[in-house]
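Residue numbers (my numbering): 1 to 447.
We put the CB at the ideal spot given by N, CA and C, even for glycine.
Notes follow once the structure below has been shown.
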Amino acid sequence: MVNPLALNGLLTSLKKKTTTPLLKSINACFDWLDDDNLIPKEPLIDAPPSPVFFSGGRKLISFSSNNYLGMSRRPEVIKTAKKALSEYTMGTCESRKLGGNIALLEALEEKIARFKGEEAAMIFATGLLANVATIPGLMDAEWYCNKFYGKKWSQESGTIFSDALNHRSIQMGIRLSHANVVKYRHGDMAHLEQELANCKSSNKLIVSDGVFSMDGDLAPLPKLTKLASQYQATVMIDDAHGTGIFGKNGRGVAEHFGVENQVSIHMGTLSKAVGAMGGFVATDRKIIEFLKSTASGYRFTSSLPAEQAAGIICALEIMQKEPQLRQKLWRNVSQLLMGLHELNIPIKKQWSPIIPLFLGSAKKAYKAEKILLELGLSCIAVVPPLVENNCSRLRITINSTHTKEQIEQLLAGLKIVEKNIGFNMTDKSKQSWEEFKVTTPSYIIKT
Ligand SMILES: Cc1ncc(COP(=O)(O)O)c(C=O)c1O
């Protein structure tokens, strides 16, 4: 009998190859990157980490998962999602306005709005899509009325002020909008102020990650929101990594800094602390209704499946009922930071479950990743295009489900990396440990 896989391979190789200039150029770029081992592999895993998982027959402990509170594995969440799957079937197969609006989705939006303390919320299929849809949706309101209904407004395109290290999905949203863009230096409020002062637009939007995804640091929201109010700018915060983690009630970085009312547009993802998938925006009801009608990344795509919505509602309820999950997470973060400090490994002195350890070149980062992997520790190297050239690093993420012993194992592994390769200093590593400890928010419980 003919092996179907072999037959498939033969048919593919017989297929006439297209050799357009574009395809040739892509092939050349691929070969160039691949020759230098710069095309990262996608290791197969048995199931998402909890934080233990198996890959290639080996048992590993993950220190790279954004499943900060272990929600993706909670039996209650899985049971609820399974029930919704059998009741509502696999997909909605439609966008919300064209027949895909099941009650569970509206219930989830209501839940998120209450969680974020806003009038209303809307959900998107992914967090990336939430930014891609919302930013042009906000900035192109007048353009929309003109393009589709011939209504002439001032036709002012407005200006977006964006932190240089904002997540790629924010940058994608900005590129899709008709607005002018000003990129300010990462976290540099003096630079932001200078640009706001020079800006002639009346429609101004400041957009920033709440927790920067590759560096783990927080946007300086007290100063940022103060400038916004001074220059009448609207603030949008992408709190993908802050939602569920930061603040006394886990409402995010704006709660952490006590500036929730100064942030107009709260964006977040459901794929990290909530353990599922999807993105959301929470704000005033009228703005939500407007975005639901006009934002392409909402209207031109199918809605979130029912089982995700049901599982997320359950996860959000657990997260609110069990603050001990967050407390355990912060205790774990504290254990790792203190351990690294004792080993004299340069760390950024900041409270965050994202802990970057800098190595410089991509090659060094891959080497460090390999050393840890041989010790049964999975800690993914982060290299360009996720970070700038020569800023490659190990990006450690801590979860509430890590045990004390697992964190001790990681520390032993990092000690070996420090001895063999050596981590780089950063400006934030120079701050004194005592000074840093004083900045600990009261809701963070140390080891
Ligand atoms: C800051 C930030 N925004 C948005 C996203 C996109 O979220 P999702 O993975 O849910 O699409 C991510 C995910 O990496 C992120 O880190």
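Counterpart residues of residue i in DSSP-defined beta bridges
| i | result |
| --- | --- |
| residue 279 | 124 and 269 |
| residue 162 | 183 and 207 |
| residue 238 | 209 and 267 |
For residue j and residue i, the rounded distance between their alpha carbons
| i | j | result |
| --- | --- | --- |
| residue 320 | residue 265 | 22 Å |
| residue 281 | residue 268 | 7 Å |
| residue 256 | residue 208 | 15 Å |
| residue 222 | residue 259 | 7 Å |
| residue 28 | residue 271 | 35 Å |
| residue 403 | residue 98 | 47 Å |
| residue 444 | residue 247 | 9 Å |
| residue 361 | residue 394 | 11 Å |
| residue 423 | residue 347 | 9 Å |
| residue 249 | residue 273 | 13 Å |
| residue 448 | residue 164 | Because the chain is modelled from 1 through 447, residue 448 falls outside the range shown and cannot be assessed. |
| residue 345 | residue 430 | 11 Å |
| residue 26 | residue 38 | 15 Å |
| residue 172 | residue 183 | 13 Å |
| residue 410 | residue 277 | 28 Å |
Per-residue burial, residue i [other beta carbons within 10 Å of its own, 16 or more giving buried]
| i | result |
| --- | --- |
| residue 54 | exposed |
| residue 351 | buried |
| residue 168 | exposed |
| residue 308 | buried |
| residue 419 | exposed |
| residue 438 | exposed |
| residue 245 | buried |
| residue 195 | buried |
| residue 185 | exposed |
Residue from the options with nearest C-alpha to residue i
| i | options | result |
| --- | --- | --- |
| residue 179 | 223, 192 and 162 | 162 |
| residue 111 | 25, 251 and 339 | 251 |
| residue 241 | 403, 94, 397 and 248 | 397 |
| residue 105 | 314, 212, 199 and 367 | 314 |
| residue 375 | 415, 253, 146 and 153 | 415 |
| residue 236 | 263, 211, 129 and 177 | 263 |
| residue 302 | 213, 57, 73 and 129 | 129 |
| residue 52 | 425, 389, 118 and 379 | 379 |
| residue 449 | 413, 410, 369 and 358 | Past the boundaries of the shown model lies residue 449; the chain is included only from 1 to 447, so the question cannot be answered. |
| residue 206 | 365, 159 and 190 | 159 |
| residue 43 | 381, 80, 108 and 191 | 381 |
| residue 283 | 261, 40, 332 and 189 | 261 |
| residue 77 | 96, 318 and 238 | 318 |
| residue 427 | 311, 349 and 229 | 349 |
| residue 406 | 63, 322 and 103 | 63 |
| residue 337 | 95, 224 and 434 | 434 |
| residue 421 | 370, 278, 204 and 200 | 370 |
Discussion item. Could you check whether the segment 80-88 touches the segment 279-287, counting it as contact only if at least three pairs of C-beta atoms, one from each stretch, sit closer than 8 Å?
Written reply: The way I'd put it, the segment 80-88 doesn't touch the segment 279-287; fewer than three beta-carbon pairs between them come closer than 8 Å.
Taking one C-beta from the segment 294-305 and one from the segment 135-148 each time, how about it: are there three or more such pairs within less than 8 Å? The segment 294-305 makes contact with the segment 135-148; the number of CB pairs closer than 8 Å reaches 3 or more.
- Query: On the three-pair Cβ rule with 8 Å, is the segment 338-357 touching the segment 205-219?
  - Reply: The segment 338-357 vs the segment 205-219: in contact.
* To do: Specify whether the segment 325-333 and the segment 62-74 touch according to this definition: at least 3 beta carbon pairs, one from each stretch, less than 8 Å apart.
  => Touching, yes, given that three or more Cβ pairs across the two stretches are closer than 8 Å.
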